[in-house]
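With positions in the sequence shown counted from 1, the corresponding number in our numbering is that position plus 8. Cβ atoms here follow ideal geometry from the backbone N, Cα and C, with glycine treated the same way. Values in this document were obtained by computation on a predicted structure and should not be read as measured data. In what follows, a structure is listed as structure tokens, so that the remarks can point back to it.
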Amino acid sequence: MKSAGRILDLLEYLSALREAVSLSQIVQHLKLPKSSAHGLIQTLAARGHVVQDSTGRYMLVEASRHGFPFRRHEEPLVVTAIPFMERLRDESGETVLLGTMNAHCDLRRLAKCVSHHPVRYDVNMDAAIAAHCTATGRVLLAHAPAEARDAYLSRVRFLSYTRYTITDVEQLREVLIRVRRDGYAINDQEFITGSTGIAAPIFDAEGNAIAAINLGTLTSRYVERREELLLMLRSTADLISRALGYRRN
């Protein structure tokens, strides 16, 4: 039972932190033998609750703070993306999120780096995501296989969340064509009034759009910095894709 207690102590310790921590810090703060701490942290990493960054430090993934760790095949993506997301958050001053979509076009958030701005955009990791009126959803729908996208558009009832929400299916199809052509998507107050999200695709080594990186901000700040924020977002998406082995033809 001692090991069970220790792993709970470790989870509680990591959940209270917002930045990555080294093994030596874990040992020092929890007063654990180094071998025990290493074994526990590796167990959590193997189960998808913890990731190790490029400097060897550990952090609890955001999804695990809300009870659903990412799946094993998503770990390399999250580990690769987080340092770029943190840099984008710091350079832009805005909140950055990473999301993915399954074969049924259901969306899932994998990680987030929340803005340090006193007035900022934030969202719960387990909150519902409407694909048709969010930037992340539109990017991934635009790059989804045609059969999956058509099935989604034919079965879903498009709710209107604000007075700006597009709910006409033919208009949505036109939006998705532009998103794929332009390389980014914009949700301008269609999901939450007063907030704007922009997203760009992340590609794997085979050229598949496996995720989207999203920058969320207040609409007033987006209007002032539109081109700057879009440039930073698209550059970050390209850097993550290249780190995953993608090479544009």
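Closest by C-alpha distance to residue i, when choosing among the options
i, options, result
"residue 250", "238, 41 and 215", "215"
"residue 113", "100, 152 and 141", "152"
"residue 45", "143, 163 and 16", "16"
"residue 230", "171, 117, 33 and 129", "129"
"residue 134", "37, 21 and 107", "107"
"residue 187", "88, 148 and 111", "148"
"residue 63", "52, 51, 83 and 90", "90"
"residue 161", "196, 170, 171 and 150", "150"
"residue 138", "217, 167 and 189", "167"
"residue 43", "58, 14 and 25", "14"
"residue 190", "157, 239 and 171", "239"
"residue 122", "50, 54 and 98", "98"
Buried or exposed (CB count within 10 angstroms, at least 16 for buried), residue i
i, result
"residue 154", "exposed"
"residue 192", "buried"
"residue 18", "buried"
"residue 183", "buried"
"residue 178", "exposed"
"residue 210", "buried"
"residue 88", "buried"
"residue 185", "exposed"
"residue 195", "buried"
"residue 146", "buried"
"residue 232", "exposed"
"residue 25", "exposed"
"residue 131", "buried"
"residue 58", "buried"
"residue 217", "buried"
Cut-off 7 Å between Cβ atoms - residues of its own chain near residue i, not counting five sequence neighbours on either side
i, result
"residue 65", "28, 29 and 30"
"residue 244", "92, 96 and 221"
"residue 174", "141, 180, 183 and 198"
For residue i, the first and last residue of its enclosing beta strand (DSSP E)
i, result
"residue 63", "Neither: residue 63 is in no beta strand (DSSP E) and is coded neither H nor E."
"residue 217", "217–226"
"residue 105", "103–109"
"residue 116", "115–121"
"residue 203", "203–211"
"residue 194", "193–196"
Cβ-based neighbour list, residue i, same chain, cut-off 8 Å, excluding 5 preceding and 5 following
i, result
"residue 237", "100, 102, 206, 223, 225 and 230"
"residue 73", "With a pLDDT of 49 at residue 73, under the threshold of 50, the modelled position of this residue cannot be trusted; read the value that follows with caution. These residues qualify, in order along the chain: 23 and 133."
"residue 247", "92"
"residue 38", "14, 17, 18, 21 and 45"
Boundaries (first-last residue) of the alpha helix (DSSP H) holding residue i
i, result
"residue 92", "83–100"
"residue 24", "It is not in any alpha helix (DSSP H) - residue 24 carries neither H nor E in the DSSP assignment."
"residue 42", "42–54"
"residue 183", "177–190"
"residue 142", "Run containing residue 142: none; DSSP gives neither H nor E here."
"residue 159", "154–163"
"residue 168", "Premise fails: residue 168 is in no alpha helix (DSSP H) and is neither H nor E."
"residue 37", "31–38"
Contact set for residue i: own chain, Cβ-Cβ below 6 Å, skip 5 residues either direction
i, result
"residue 75", "Interpretation of residue 75 is limited by its pLDDT of 44, a score under 50 that renders its predicted location unreliable; the figure taken from the coordinates is listed afterwards. There are no such residues."
"residue 277", "This structure gives no information on residue 277, because the portion of the chain shown stretches from 9 to 257."
"residue 109", "115 and 148"
"residue 157", "149"
"residue 253", "213"
"residue 241", "206, 208 and 223"
Proximity test, residue i beta-carbon vs the ligand COA heavy atom, cut-off 8 Å
i, result
"residue 130", "As presented, the structure is devoid of all ligands, the ligand COA included, so that no description of it is given."
- Given 8 Å as the limit, is there contact between the stretch 187–205 and the stretch 222–235, that is, 3 or more CB pairs closer than that? The stretch 187–205 is in contact with the stretch 222–235.
- Task: Would you check if the stretch 136–151 and the stretch 102–120 touch, i.e. whether three or more CB-CB distances between them fall below 8 Å?
- Result: yes
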